[in-house]
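In this note's numbering, the protein residues as written are 1 to 207.
In structure tokens:
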């Protein structure tokens, strides 16, 4: 289970984030204490939310064409909670991670490019998030450095920016300092504009 699952549980259970977080921590404690893994597949989640869970983190790329919205970005840019939140708004959402040294799935470039939204974040903020994540996971030494070291983060963001530039139809959403609801509102506005062909001229494709 990932830490993003706290937000996922909150969304799926319809409870405020702190309660989803507490539930997550309880499950994590039980898993570690008694060495078992919680299989959540039996839970009757709403179909759109369950689709987002199944399509999380690049899983089942062959199903990307079924999504209404596809989010793509480097690790720790809030792809998972955004996917669940948008699913609760009635959209089929998938997300695809961008990892240096690993080619994104071909399906990402074969689907309708107007479905795809890139996410970006300030490098300092991302480092802070990854430091916290690495500490939680117990990363040490080289493993921690490769994940949360500033030079590596800059290179990752540059890699993502290059990929975004190669796909100019994808709008780029800045998530730094934005709540999930704010970022989702930007994505849905752009999605509806495109769907209704009523978009306004933009100075930049960054939002």
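Where is the CB? At the ideal position from N, CA and C, for every residue including glycine. No experiment lies behind these values; they were computed from the predicted model shown.
Just to confirm, are residue 95 and residue 82 a CB contact at a threshold of 9 Å? A contact, by the Cβ cut-off of 9 Å.
Close beta carbons around residue 105, own chain, < 6 Å, minus the five adjacent residues each side: Answer for residue 105: 61, listed in chain order.
Out of 183, 108, 170, 177, which one is the CA nearest neighbour of residue 65? Ranked by Cα distance from residue 65, the options 183, 108, 170, 177 are led by 108.
Measuring alpha carbon to alpha carbon, tell me which of 161, 177, 173, 131 ends up nearest residue 187. Nearest of 161, 177, 173, 131 to residue 187, Cα basis: 173.
Assuming contact is defined by CB atoms lying nearer than 9 Å, are residue 171 and residue 147 in contact in what I supplied? Annotated as distal: residue 171 and residue 147, with beta-carbon spacing of 9 Å or more.
Residue 70 - containing alpha helix (DSSP H), residue span: Not the alpha helix (DSSP H): residue 70 falls in the beta strand (DSSP E), residues 69-73.
Any idea what DSSP makes of residue 94, helix, strand or coil? DSSP, read as helix, strand or coil, puts residue 94 in strand.
What runs of the beta strand (DSSP E), each 3 residues or longer, lie entirely inside the region 105-172? Correct list: 116-120.
Would you call the region 179-198 and the region 126-136 touching, i.e. three or more CB-CB distances under 8 Å? Output reads no: the region 126-136 does not touch the region 179-198.
Neighbourhood of residue 70 by C-beta, 8 Å cutoff - its chain only, sequence neighbours within 5 removed: Answer for residue 70: 64, 93, 94, 95, 96, 108, 111, 115, 116, 117, listed in chain order.
Identify every residue that forms a DSSP beta bridge with residue 102. When beta bridges are read from the DSSP output, residue 102 appears opposite 99.
Nearest CA to the CA of residue 98: which residue from 78, 88, 72? Distance from the Cα of residue 98 is smallest, within the candidate group 78, 88, 72, for 72.
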